[in-house]
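Note that the sequence shown covers residues 72 to 635 in my numbering.
Cβ atoms here follow ideal geometry from the backbone N, Cα and C, with glycine treated the same way.
Values in this document were obtained by computation on a predicted structure and should not be read as measured data.
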Amino acid sequence: MSKMNGADALVRMLQLNGVKHVFGLCGDTSLPFYDAMARLDHGIDHILTRDERSAGYMADAYARVTGRPGVCEGPSGGGATYLLPGLVEANESSIPVLGITSDVSVGSRGKFPLTELDQQSLYRPLTKWNTTIDRVDQIPGAVRSAFRAMTTGRTGATHICLPYDLQKQEIDPAEVWAQPGHDRYPAMRSRPHQADVEAAAEKLVAAKCPVIVCGGGVVLAGACGMLEALATMLNAPVCTTVSGKGTLPDSHPLAVGVVGTNGGVAATREVVTQADLVFFVGARAGSTTTEHWKYPARDVPIIHLDVDGMTIGTNYRTDVALVGDALLGLADLNEAVRARLKHRPADAADGRAIAGRARARKLADFAALAASTDTPIKPERVVDSLNRHLPAGAILVADPGTPCPYFSAYFDAPQSGRHFITNRAHGALGFAMSAGVGAQFGRPDAMVVAAMGDGSFNFTCGELETIVRRGVPLKMVVFSNTVYGWIKASQKTGYGERYFSVDFNRTDHARVAEAFGVKSWRVEDPAGLDAAIQAALAHDGPALVDVISQQLQDTAVPVSQWMG
Numbered sequence: 072m073s074k075m076n077g078a079d080a081l082v083r084m085l086q087l088n089g090v091k092h093v094f095g096l097c098g099d100t101s102l103p104f105y106d107a108m109a110r111l112d113h114g115i116d117h118i119l120t121r122d123e124r125s126a127g128y129m130a131d132a133y134a135r136v137t138g139r140p141g142v143c144e145g146p147s148g149g150g151a152t153y154l155l156p157g158l159v160e161a162n163e164s165s166i167p168v169l170g171i172t173s174d175v176s177v178g179s180r181g182k183f184p185l186t187e188l189d190q191q192s193l194y195r196p197l198t199k200w201n202t203t204i205d206r207v208d209q210i211p212g213a214v215r216s217a218f219r220a221m222t223t224g225r226t227g228a229t230h231i232c233l234p235y236d237l238q239k240q241e242i243d244p245a246e247v248w249a250q251p252g253h254d255r256y257p258a259m260r261s262r263p264h265q266a267d268v269e270a271a272a273e274k275l276v277a278a279k280c281p282v283i284v285c286g287g288g289v290v291l292a293g294a295c296g297m298l299e300a301l302a303t304m305l306n307a308p309v310c311t312t313v314s315g316k317g318t319l320p321d322s323h324p325l326a327v328g329v330v331g332t333n334g335g336v337a338a339t340r341e342v343v344t345q346a347d348l349v350f351f352v353g354a355r356a357g358s359t360t361t362e363h364w365k366y367p368a369r370d371v372p373i374i375h376l377d378v379d380g381m382t383i384g385t386n387y388r389t390d391v392a393l394v395g396d397a398l399l400g401l402a403d404l405n406e407a408v409r410a411r412l413k414h415r416p417a418d419a420a421d422g423r424a425i426a427g428r429a430r431a432r433k434l435a436d437f438a439a440l441a442a443s444t445d446t447p448i449k450p451e452r453v454v455d456s457l458n459r460h461l462p463a464g465a466i467l468v469a470d471p472g473t474p475c476p477y478f479s480a481y482f483d484a485p486q487s488g489r490h491f492i493t494n495r496a497h498g499a500l501g502f503a504m505s506a507g508v509g510a511q512f513g514r515p516d517a518m519v520v521a522a523m524g525d526g527s528f529n530f531t532c533g534e535l536e537t538i539v540r541r542g543v544p545l546k547m548v549v550f551s552n553t554v555y556g557w558i559k560a561s562q563k564t565g566y567g568e569r570y571f572s573v574d575f576n577r578t579d580h581a582r583v584a585e586a587f588g589v590k591s592w593r594v595e596d597p598a599g600l601d602a603a604i605q606a607a608l609a610h611d612g613p614a615l616v617d618v619i620s621q622q623l624q625d626t627a628v629p630v631s632q633w634m635g
């Protein structure tokens, strides 16, 4: 093989691990890496972003929709700090994302060079694994470790810091190889102990009204079909966390929908309260899902299946702990349950009826608001329009604030799998537009819609240039209500309506988007909303609909702390 430097080795290691897209932003200390990307034939598409935060969010959503790790990169100093939010969100959401940052030369450390920063200490508590490379021959092993850490066990984010001078030093090409299987996730799956599986099956079959609560781990493991089979055998209602949305098609007769403080309503909560056993699958039973550990109650028997044993028993005393991959664990559990089905109680509850009643109550309240012709436009009307006009297989990416609870509760995906994405781990604004770009690169044949508030739009609108330059056919909907709505709603209910520093001036988002070259519509009249949504979805390039909408504190948003 010909001579190879450190930057070449990094590119080849990405290539050998099946990387097809890298999202990032250039900098002085990254120049050798960029030169290697320019010189070598590697089949990797580099997407130049306008902010490293955006690169991280793009890589996150890309990983969610492809089943492959996402890769983002940025330069030393400010680039390393800006890339961090994307990796934090991905890691906490168990999404495999590799962040690569360049650094000052090893020989310059401690001499006050521009952009010097202890990146390894910065990233250590916020990633699953990270390293700063000290010698050029460490590059291949570091990349192998990053992909192994990202894709095995509890999947998550990793980080590699690569100094400038090492990128130019010569390396033995024989060291450049990849471990097969770490190009996809989850890799090296494990299954629960069979005795635990049998014990769980006994309890599930004996329960009169078991309820299943699914988190993102079910979708991540590709276990939606296995979960549906189990729920069908037991005739058990299926609730989800926000991240678990997509476990079942939203129209499935056993699908209750999202429960908890964000996207849950009284009708869905009641499904959990009547359970005589709750089975958490790929969920952490955190504060949002359980409404701060109130539902289920502490005396309800719990079975918990998760790939990470540290999540089990953290918030609830667990009767049976199943530590392993959701797909393999559910496959084993299904066999054990099937063998015992004749022992189901004669007076077992009808899960389909329970789920159907809860869904009907929730949707009846929603439909009345969605039909409203009031102005400003109610958010329910926007969600309803998208539900009616989006094609099958569409992907909806929602920012925090107005979009997250509304689409968590009411977005209607006709199929299971990853069709809804939101950044529920840390809830940073400015996620949806960039994540929508990543999802579109990951699934170029799907229609992708990014829903955001005007607060989020102004965090990230520079990426409209990226969208136009790369011809990304992303559809965007902005809820324009001139407020940081989540905070104002909290000030209304918890602080006596003492509103402080939450309101801002209205931006004409349609005109801003048009200035970047995005086809846009502005809607103030509810009667014109459907036509604008349909026109935007039919447009063959990027499109944005700016909706003058009701402020969040005045809505019937499905957030329990504001609903009384």
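Between P476 and V628, the C-beta gap is smaller than 7 angstroms, which places the two residues in contact. For P234, the secondary structure class from DSSP, reduced to helix, strand or coil, is strand. For A78, the enclosing alpha helix (DSSP H) has its first and last residue at 77–87. In the same chain as A278, and ignoring 5 residues on each side of it, the C-beta atoms closer than 6 angstroms to its own belong to D347, L348, in chain order.
At a Cβ-Cβ threshold of 7 angstroms, V352 and G317 do not count as neighbours.
Q209 places its beta carbon 7 angstroms or farther from that of P103. DSSP places N201 in the strand class (E or B) of the three-state scheme.
With a cut-off of 8 angstroms on Cβ pairs, the segment 317–331 is in contact with the segment 415–427, counting three or more such pairs. Remark: C-beta atoms of A249 and L87 approach each other more closely than 7 angstroms. Just measuring C-alpha positions, the residue of K365, L600, T493, A598 sitting nearest M129 is T493.
Annotation: R459 to P320 spans about 15 angstroms, alpha carbon to alpha carbon. Its chain contains Y105, L119, P146 as the residues whose beta carbon lies nearer than 8 angstroms to that of C97, once the 5 sequence neighbours on both sides are disregarded; these appear in chain order. Taking 7 angstroms as the cut-off, the Cβ atoms of L545 and V583 do not count as close. Residues of the same chain with a CB within less than 7 angstroms of the CB of G334, apart from the 5 flanking positions on each side, are V313, P476, S479, A480, P629 in chain order.
A residue is called buried once 16 or more other Cβ atoms fall within 10 Å of its Cβ, and R569, having fewer, is exposed. At the C-beta level, A107 and D131 stay beyond 7 angstroms of one another. In the three-state scheme derived from DSSP, where H, G and I count as helix and E and B as strand, I166 is classed as coil.
By the beta-carbon neighbour count (other beta carbons within 10 angstroms, threshold 16), E123 is buried.
Three or more beta-carbon pairs drawn from the segment 532–550 and the segment 580–594 are found closer than 8 angstroms, and the two stretches are therefore classed as touching. A266 and D418 have their C-alpha atoms spaced approximately 28 angstroms apart. DSSP assignment within the segment 275–306 yields the following whole alpha helix (DSSP H) runs of 4 residues or more, N-terminal first: 287–291, 295–305. In chain order, H92 place their CB closer than 6 angstroms to the CB of D116, counting only its own chain and leaving out the 5 sequence neighbours on each side.
Uninterrupted alpha helix (DSSP H) stretches at least 4 residues long and entirely within the segment 491–566 occur at 503–513, 525–531, 534–540, 556–565, given in chain order. Counting along the chain, no alpha helix (DSSP H) covers A368, and no H or E run does either. Taking H253 as the centre and dropping the five residues before and after it, the same chain places the C-beta of N88, F218, R219, T222 closer than 7 angstroms to its C-beta, in chain order.
By a beta-carbon distance limit of 8 angstroms, V468 contacts A510. Their separation comes to about 6 angstroms.
Under the three-state reduction of DSSP, L376 is assigned to strand.
Distance from the CA atom of A271 to the CA atom of F502, rounded to whole angstroms, is 39 angstroms. By the 16-neighbour rule on beta-carbons within 10 angstroms, M523 is buried. Burial of G148 is indicated by the presence of at least 16 other C-beta atoms within 10 angstroms of its C-beta. Between the beta-carbon of T229 and that of S631 there is about 35 angstroms, and that puts the pair past the 8 angstroms contact cut. Shortest Cα-Cα distance from T339 to any of V284, R388, A354, T389 involves V284. Membership of H580 in any beta strand (DSSP E) is not indicated; the residue belongs instead to the alpha helix (DSSP H) covering 580–587. The shortest CA-to-CA distance from I619 to any of V508, L197, E451 is the one to E451.
D574 carries a strand assignment under DSSP once its states are collapsed to helix, strand and coil. Nearest neighbour of V391 by Cα position, chosen from A402, D377, L399, turns out to be D377.
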